[in-house]
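Asks: Would you mind keeping the following structure in view while I ask a few things?
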Amino acid sequence: MIRKRADALLEKSEHEEKKDESASIALAIEGKLLDQIPSYVTHTITGVVGLTLIALGVVALAFHFH
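And the structure:
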């Protein structure tokens, strides 16, 4: 999934190159950056952030109903 997104960003950067060079450079950098990050790192980070948000929500509900 991340590989597809990176490829899409690189293709979009080629398309944007004719319109706006700075946007093209930014999209190319983002696409290359996504290629460099292993998928397990992305899954771990999003999992930790998600669990943290769930835990904070449960704590907030506990204080609300206490």
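Numbering of the sequence shown is given in UniProt numbering, commencing with residue 1 and proceeding in unit increments.
Positions of the beta carbon are idealized from the N, C-alpha and C atoms, including for glycine.
Only a predicted model underlies this, so the values are computations on that prediction, with no experimental measurement involved.
Could you tell me the boundaries of the alpha helix (DSSP H) in which residue 64 lies?
Replies: 39–65
Asks: Inspect the beta-carbon positions of residue 28 and residue 53 and report whether they are closer than 8 Å.
Replies: no
Asks: What separation, rounded to the nearest whole angstrom, lies between the Cα atoms of residue 26 and residue 32?
Replies: 10 Å
Asks: Would you mind stating whether residue 51 and residue 6 have Cβ atoms separated by less than 8 Å?
Replies: Contact: no.
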